[in-house]
Amino acid sequence: MNNEKKSSPGAAKAFGALLRFYRERAGIPQEELGRRTGYSKSQVAMIERGLRRARGNFVKIADEFLGAQGALLTVAGEVTASGIAAWFEDYLEEEAKAAGIHKYENQLIPGLLQIQDYARAVFRCSVPALEDSEIEASVMARIKRQELFSRRPAPLVTFVLEKAALAKPLGGRDVLRRNLLHVRECADLRNVTIQVMPEDRATHAGLNGPFTLLETEERRGQLVYVEGQGGRYFLSEQPDVGDCFARYSTLRAQAYTPEDSARLIEQVAREL
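What the sequence shown shows, in the numbering used here, is residues 12 to 283, in sequence order.
What follows is the structure, given as structure tokens:
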């Protein structure tokens, strides 16, 4: 979703840094600023890191309380709903130029394979809740990412998905069915391979959770991207990177073949 203002997720980082500067200059702890604005300490911290947008009267109150003389109000005007979380910018920069993208997912259909209605249902599950404008902007940004499938030169994109990730009816059964049919269509793209992990495996290489592997431009380097409750980070050093690529290779060997996976996806869609 494009707004009239030419903003970017970086504006949220800039506002957060400026807020922290004025707060620390005034010698005000995060807890006290939170009390004045009706926010918790953790919410103030998230705003300062650019992870959340300030809402309501937060900016006006903070500007006056911290003696910013309108500076916070001015910068806040550039922070609009871009649909991309500030913490996700670094990953998207790497994804946009990657020669290879490889994803293991165990909870839901990955963003690169989501249709709009499914993506909207995912963002509506966010806690704390997102505003409607943030949800719609996030949906449009997620769909735009999928343009990489037709990028030239085309990246090699592979997925290993748990069957449970294909069965969670986010948005309702009709939305899930339509998304599964979309996943099946994506599997026919020449540069895309999708495999499903059997539910009855006695051994499993993905017990540490989801992760994404990126092969950088011209495959000169490799990165691992991991998200979790406690944060998000890249791995770029050995032996961590090599271990994750080996883990993914094992996952692919443990999963159904692409052909059997395609038939399974069709079956799950039919049974909805």
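Beta carbons are placed, not taken as given, at the ideal position from N, Cα and C, and that holds for glycine.
Residues of its chain near residue i, where Cβ-Cβ distance is below 6 Å and the 5 sequence neighbours each way are ignored
| i | result |
| --- | --- |
| ASP74 | LEU83, LEU84 |
| VAL203 | VAL168, CYS197 |
| ASP271 | none |
Where residue i sits in the DSSP three-state scheme
| i | result |
| --- | --- |
| GLY27 | helix |
| GLN206 | strand |
| SER19 | Caution applies to SER19, whose pLDDT of 49 falls short of 50 and renders its modelled position unreliable; the model cannot decide the point. |
| VAL186 | helix |
| TYR102 | helix |
| ASN14 | Because ASN14 carries a pLDDT of 35, less than 50, the predicted location of this residue cannot be relied on, and the following value inherits that uncertainty. It is coil, neither helix nor strand. |
| LYS179 | coil |
| GLU122 | With the sequence shown as reference, residue 122 is identified as Gly, and Glu is not the correct amino acid for it. Looking at GLY122 - three-state DSSP - the assignment turns out to be helix. |
| ILE39 | coil |
| GLU173 | strand |
| GLU45 | This sequence places Gly at residue 45; Glu is not what is there. Of the three classes helix, strand and coil, the one that applies to GLY45 here is helix, per DSSP. |
| GLU282 | coil |
| ALA79 | coil |
Among the options, the one whose alpha carbon lies nearest that of residue i
| i | options | result |
| --- | --- | --- |
| LEU123 | LEU172, VAL138, SER144, ARG135 | LEU172 |
| LEU30 | ALA65, LEU181, GLY49, SER272 | ALA65 |
| PHE160 | GLN206, VAL194, PHE134, GLY242 | VAL194 |
| PHE170 | GLY217, GLN54, GLU282 | GLY217 |
Beta-carbon proximity list for residue i, same chain, < 7 Å, skipping 5 on both sides
| i | result |
| --- | --- |
| TYR102 | TYR236 |
Endpoints, beta strand (DSSP E) assigned at residue i
| i | result |
| --- | --- |
| LYS114 | 111 to 116 |
Continuous alpha helix (DSSP H) stretch holding residue i: start and end
| i | result |
| --- | --- |
| ASP74 | 69 to 76 |
| GLU59 | 52 to 59 |
| LEU84 | 82 to 87 |
Q: Write down every uninterrupted run of the alpha helix (DSSP H) in the segment 213 to 275 whose length is 4 residues or greater and which is fully enclosed by it, in chain order.
A: 251 to 265
Q | Sequence ranges, alpha helix (DSSP H) only - wholly within the segment 123 to 169, length at least 4 | A | Look at the segment 123 to 169 and you find these whole runs of alpha helix (DSSP H), each 4 residues long or longer: 127 to 135, 143 to 156.
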